[in-house]
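Engineer:
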Amino acid sequence: MPLDERQREYLRLMGIQVWVPRLHIPFGAVENPNHFTPMPDDLHESVDTVDVPVPGTASTCPLNWEDLEARVAGCTACPLHQGRTQTVFGVGTREAEWMVIGEAPGEQEDLQGEPFVGRAGQLLNEMIRAVGLKREAVYIANVIKCRPPKNRDPAPEEAAACEGYLKGQLALVKPKIILAVGRIAAQNLLKTATPIGKLRGQVHYYEHIPLVVTYHPAYLLRSQLEKRRAWEDLKLAMRTFRQQNS
Ligand code: URA
16 MPLDERQREY LRLMGIQVWV PRLHIPFGAV ENPNHFTPMP DDLHESVDTV DVPVPGTAST
76 CPLNWEDLEA RVAGCTACPL HQGRTQTVFG VGTREAEWMV IGEAPGEQED LQGEPFVGRA
136 GQLLNEMIRA VGLKREAVYI ANVIKCRPPK NRDPAPEEAA ACEGYLKGQL ALVKPKIILA
196 VGRIAAQNLL KTATPIGKLR GQVHYYEHIP LVVTYHPAYL LRSQLEKRRA WEDLKLAMRT
256 FRQQNS
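In this text, residue positions in the sequence shown follow the working numbering: the first is 16, and each later residue adds one.
#1: Could you name the residues of the same chain whose beta carbon sits closer than 8 Å to that of L58, not counting the 5 residues immediately before and after it, in chain order?
#2: Quick one: give me the first and last residue of the beta strand (DSSP E) that T229 is part of.
#3: Among residues of its own chain, excluding the 5 on either side of G183, which ones have a beta-carbon nearer than 7 Å to its beta-carbon?
#4: Quick one: Cα of I116 to Cα of R99, how far?
#5: Would you say the beta carbon of A233 is closer than 8 Å to some non-hydrogen atom of the ligand URA?
#6: If you measure between the beta carbons of G212 and E247, is that distance less than 9 Å?
#7: Nearest CA to the CA of Q123: which residue from M142, T102, E112 and G107?
#8: Counting C-beta neighbours from all protein chains within 10 Å, is the total for K160 16 or more, i.e. buried, or is it exposed?
#9: Might you give, ordered along the chain, the residues of its own chain that have their beta carbon closer than 6 Å to the beta carbon of F104, omitting 5 neighbours on each side?
#10: Would you tell me roughly how many angstroms separate the C-alpha atoms of R237 and S74, rounded to the nearest one?
#11: Going by DSSP, what residues sit across from W80 in a beta bridge?
#12: Only counting the same chain, and skipping five residues up and downstream in sequence, which positions put a Cβ closer than 6 Å to that of H219?
#13: Is the closest heavy atom of the ligand URA to the C-beta of V103 under 8 Å?
#14: Using 9 Å as the limit for Cβ to Cβ distance, is D66 near chain B?
#15: Mapping DSSP to helix, strand and coil, what is P68?
#16: Does the beta-carbon of V146 have 16 or more other beta-carbons within 10 angstroms, so that it is buried, or is it exposed?
#17: Of all the options A119, A170, L187 and G128, which has the alpha carbon lying nearest to the alpha carbon of T108?
So, in structure tokens, the structure goes:
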């Protein structure tokens with residue numbers, strides 16, 4: 016199905032010229048931007064609680080959404096808690112089919128308590144719209160829930176301390192596809208040190224959930240040329256989603 020006018024507009028807003036080849040895959044979500052109908056119960060069983068590791072111990076404890084959010088809000092498992100204004104848990108529909116995972120909160124996210132609200136967030140919204148969805152229709156979370164000082168890369172110990180929270184969110188949302196934006200998200204989810212340029216362009220799996228890697232929107236703001244590659248990644252994600260759910 017060719018791109019519709021609205022998608023073309025989003026691509027333009029992403030900074031991508033309308034040279035983009037037409038898609039020949041049907042993508043119902045384009046017709047219906049509210050398309051985030053949960054799967055029937057038998058296919059997409061809802062999960063009420065998930066086992067989340069207790070920091071500093073080898074044990075886990077079962078948590079529901081509210082408990083998990085409260086656990087994150089009070090977390091002191093790594094030194095990042097000392098510099099935060101607040102934790103940044105996640106946002107969007109908790110039954111989302113698409114889950115977008117970024118790195119860590121920046122300044123604006125730390126102040127507002129919501130992922131991707133700064134300039135990179137504006138571009139992420141356009142990327143989400145380019146695949147025919149609204150920001151509210153996906154679930155967005157970060158690998159790290161507290162802002163690293165001066166937006167430095169999170170340390171491996173910090174990512175490890177936060178890992179159970181993201182695992183919990185993934186287990187509760189049960190998305191049908193994961194879009195990992197940026198190197199840190201991709202490498203942490205896939206447990207690899209492979210550079211992002213080699214991770215993108217193929218479908219990976221996170222516990223049987225297809226996972227597509229693309230560039231971080233903050234990087235795309237600085238590297239206009241890579242937006243074309245990001246659009247290729249988004250098309251791969253759309254195709255993968257369609258194939259899994261047709
Ligand atoms: N960058 C990220 O990876 N996540 C945010 O929430 C904001 C910026």
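The beta-carbon is built from N, C-alpha and C at its ideal position, and this holds for glycine as well.
Structural biologist: Judging by the given coordinates:
#1: Confidence at L58 is low in this model, with a pLDDT of 41, below 50, so the placement of that residue is unreliable and no value is reported for it.
#2: I224 to T229
#3: V65, V67, L78 and L83
#4: 20 Å
#5: yes
#6: no
#7: T102
#8: buried
#9: E84 and V87
#10: 43 Å
#11: Note: W80 sits in no beta bridge, so no partner.
#12: L205 and L226
#13: yes
#14: The chain inventory of the structure shown lacks chain B, comprising one protein chain alone.
#15: strand
#16: buried
#17: L187
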